[in-house]
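Numbers in our numbering are just positions in the sequence shown, counted from 1, shifted up by 2. Worksheet: the structure to be examined is printed underneath.
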Amino acid sequence: MLNDSIDLNQVRRVLVIKLRHHGDVLLTSPVFAALKQQAPHLEIDALVYRDTQEMLSLHPAISQLHTIDRNWKKLGVFGQLKAELGLLSVLRQRHYDLVITLTEHKRGAWLVRLLAPRWSVGPDGPYGKLFRKSFTHRYLQVPGNRRHTIEIHLDALRRIGVYPSPDQRELTLVAGHNAEATLAAKLEQLGLSAGQYILVHPTSRWLFKSWTVQNMAALINTLQQRGLKVLLTAAPSPDEMAMLGDIQSRLTTPAASLAGQLTLKELAAAIDNARLYIGVDSVPMHIASAMKTPCVALFGPSGDIEWGPWQVPHRVVAASMSCRPCGNAGCGGGWKSECLQQISLEQVIAAVEGVMEESA
């Protein structure tokens with residue numbers, strides 16, 4: 003593979019594509035910051051799914067944020083075609099010089115062909131001839147080479163000769179003044195002040211990533227018995243709210259809760275104002291890293307090297323089992339993860355004590 007770096011002085015507009023879930027999208031934020039710091043003249047746009055846009059909206063390095071609605075499919079063939087052509091028209095009007103796609107999604111390859119930028123970057127892998135031949139540059143992915151997902155994203159920049167320094171690899175998430183104000187009002191109603199509570203987010207949209215209800219309730223009880231204030235959060239989905247309700251029913255003293263009541267931006271503000279974040283491998287854990295909030299993260303079948311907290315005081319708690327990380331939806335696909343069940347209350351308490359001492 004040739005050392006064919008790109009002279010960013012010849013680039014005016016860039017489109018970065020990431021069509022995945024919320025956490026995946028947030029972990030691309032250093033790409034925009036690093037590019038902008040290396041070449042301040044660049045206009046850098048993003049293309050993401052509409053439901054994930056709050057992960058990048060208000061990012062200071064992003065000029066325009068374009069979205070694809072997953073619900074376009076419900077519009078029927080002609081309705082979806084109209085929406086797709088409308089997006090393509092908007093993107094073509096931007097006249098991109100460089101397009102970077104950070105997933106193997108075929109849409110990235112098609113967009114490169116349709117937008118015809120001078121340069122294009124995509125991941126190298128067994129994604130088919132169409133995908134492989136769509137890009138001028140492909141960044142390598144080494145099987146079995148465990149690295150943080152952020153570093154893998156940044157490989158797309160390294161491939162074209164842009165090498166981000168450590169301080170250019172920070173996560174960025176901007177809650178915004180509106181979310182900060184509405185969150186402050188909600189905290190006031192609960193009698194909580196910024197910097198005086200521990201935010202506990204026990205759930206994940208994938209419940210096989212969650213610790214046991216009994217242990218999570220015991221942890222919260224222990225924290226409150228020590229005089230620490232706890233704020234509970236969870237997504238409004240029925241499964242997560244049911245799990246949270248089960249935890250709350252086991253508490254000896256009720257804990258303050260904003261579960262199911264926060265937008266993603268408000269959740270970011272709540273985590274930003276927390277003394278400590280405790281949770282599992284889920285979007286809020288990545289938000290904690292972006293907000294520079296000390297973090298205790300419990301990991302089960304997913305890989306903490308690839309997805310763990312980033313550039314923030316933290317502890318990862320995981321069982322020492324040869325089978326993890328397996329990436330499966332629970333043992334045998336049964337949605338219960340023995341590696342999480344084996345994490346003891348004492349391990350988590352020790353992690354909490356360690357992070358709080360480190361960040362005091």
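Beta carbons are placed, not taken as given, at the ideal position from N, Cα and C, and that holds for glycine. For clarity, every value in this text was computed on a predicted model and none was experimentally measured.
On the CB-based measure, 16 or more other CB atoms within 10 Å of its CB, does residue i come out buried or exposed?
{"i": "Cys325", "result": "exposed"}
{"i": "Pro238", "result": "exposed"}
{"i": "Arg317", "result": "buried"}
{"i": "Val144", "result": "exposed"}
{"i": "Arg140", "result": "buried"}
{"i": "Glu355", "result": "exposed"}
{"i": "Ala63", "result": "buried"}
{"i": "Asp274", "result": "buried"}
{"i": "Asp6", "result": "exposed"}
{"i": "Glu359", "result": "exposed"}
{"i": "Ala118", "result": "exposed"}
{"i": "Lys131", "result": "exposed"}
{"i": "Glu348", "result": "exposed"}
{"i": "Asp47", "result": "buried"}
{"i": "Ala2", "result": "An answer regarding residue 2 cannot be provided, because it is not within the stretch 3 to 362 covered by the chain."}
{"i": "Arg252", "result": "exposed"}
{"i": "Pro286", "result": "buried"}
{"i": "His394", "result": "The structure shown does not extend to residue 394, since the chain is modelled only from 3 to 362, so the question has no answer here."}
Going by DSSP in three states, residue i sits in which element: helix, strand or coil?
{"i": "Cys316", "result": "Looking at the sequence shown, residue 316 is not Cys but His. Strand at His316."}
{"i": "His203", "result": "strand"}
{"i": "Pro238", "result": "coil"}
{"i": "Trp337", "result": "coil"}
{"i": "Val18", "result": "strand"}
{"i": "Leu49", "result": "strand"}
{"i": "Ala216", "result": "Reading off the sequence, residue 216 comes out as Gln, not Ala. Reduced to three states, the DSSP call for Gln216 is helix."}
{"i": "His43", "result": "coil"}
{"i": "Ile249", "result": "helix"}
{"i": "Ser59", "result": "coil"}
{"i": "Lys231", "result": "strand"}
{"i": "Ser65", "result": "strand"}
{"i": "Leu175", "result": "coil"}
{"i": "Met3", "result": "Caution applies to Met3, whose pLDDT of 48 falls short of 50 and renders its modelled position unreliable; the value that the coordinates give is listed next. If DSSP states are grouped into helix, strand and coil, Met3 belongs with coil."}
{"i": "Gly281", "result": "strand"}
{"i": "Ser259", "result": "strand"}
{"i": "Ile8", "result": "coil"}
{"i": "Ile345", "result": "coil"}
{"i": "Ile70", "result": "strand"}
{"i": "Pro166", "result": "coil"}
{"i": "Thr184", "result": "helix"}
{"i": "His24", "result": "helix"}
{"i": "Gln82", "result": "helix"}
{"i": "Ala35", "result": "helix"}
{"i": "Ser361", "result": "coil"}
Determine the closest residue to residue i out of the options, with distance taken between C-alpha atoms.
{"i": "Gly124", "options": "Ile154, Asn147 and His97", "result": "Ile154"}
{"i": "Thr224", "options": "Met245, Pro256 and Trp208", "result": "Pro256"}
{"i": "Ala41", "options": "Pro166, Gly310 and Ser361", "result": "Pro166"}
{"i": "Leu67", "options": "Val79, Gly25 and Val18", "result": "Val18"}
{"i": "Trp121", "options": "Asp99, Trp112, Leu156 and Arg14", "result": "Asp99"}
{"i": "Val215", "options": "Gln55, Glu268, Gly193 and Asp241", "result": "Asp241"}
{"i": "Val319", "options": "Ala36, Ala299, Ser361 and Val50", "result": "Ala299"}
{"i": "Trp112", "options": "Val33, Asp53, Ser136 and Ser195", "result": "Ser136"}
{"i": "Met218", "options": "Ala35, Lys75, Lys38 and Leu342", "result": "Leu342"}
{"i": "Asp71", "options": "Val16, Leu28 and Leu89", "result": "Leu89"}
{"i": "Ser322", "options": "Ser346, Ala271 and Gly110", "result": "Ser346"}
{"i": "Arg148", "options": "Gln313, Glu308, Gly332 and Ala261", "result": "Glu308"}
For a test of your reading of the model: does the CB of residue i fall under 8 Å from any non-hydrogen atom of the ligand GTP? Yes or no.
{"i": "Ala181", "result": "As for the ligand GTP, it is missing from this structure, which has no ligand bound."}
**Asked** Which ranges does the beta strand (DSSP E) cover as unbroken runs of at least 3 residues, wholly within the region 284-332, from first to last along the chain?
**Response** Listed in chain order, they are 297-301 and 316-320.
**Request:** Note down, one range per segment and in chain order, each alpha helix (DSSP H) of at least 4 residues found wholly within the region 99-156.
**Result:** Counting whole runs of 4 or more residues, the region 99-156 contains the alpha helix (DSSP H) stretches 108-117 and 131-134.
**Prompt:** Touch check for the region 299-312 and the region 327-338: three-plus C-beta pairs under 8 Å?
**Reply:** Contact between the region 299-312 and the region 327-338 is present, because at least three Cβ pairs lie under 8 Å.
**Request:** Would you be able to state if there are at least three C-beta pairs under 8 Å between the region 168-177 and the region 289-296?
**Result:** Contact between the region 289-296 and the region 168-177 is present, with at least three C-beta pairs closer than 8 Å.
**Request:** For the region 200-217 and the region 277-291, state whether three or more C-beta atom pairs, one from each stretch, are separated by less than 8 Å.
**Result:** A contact is defined here as three or more CB-CB pairs under 8 Å, and the region 200-217 meets this definition with respect to the region 277-291.
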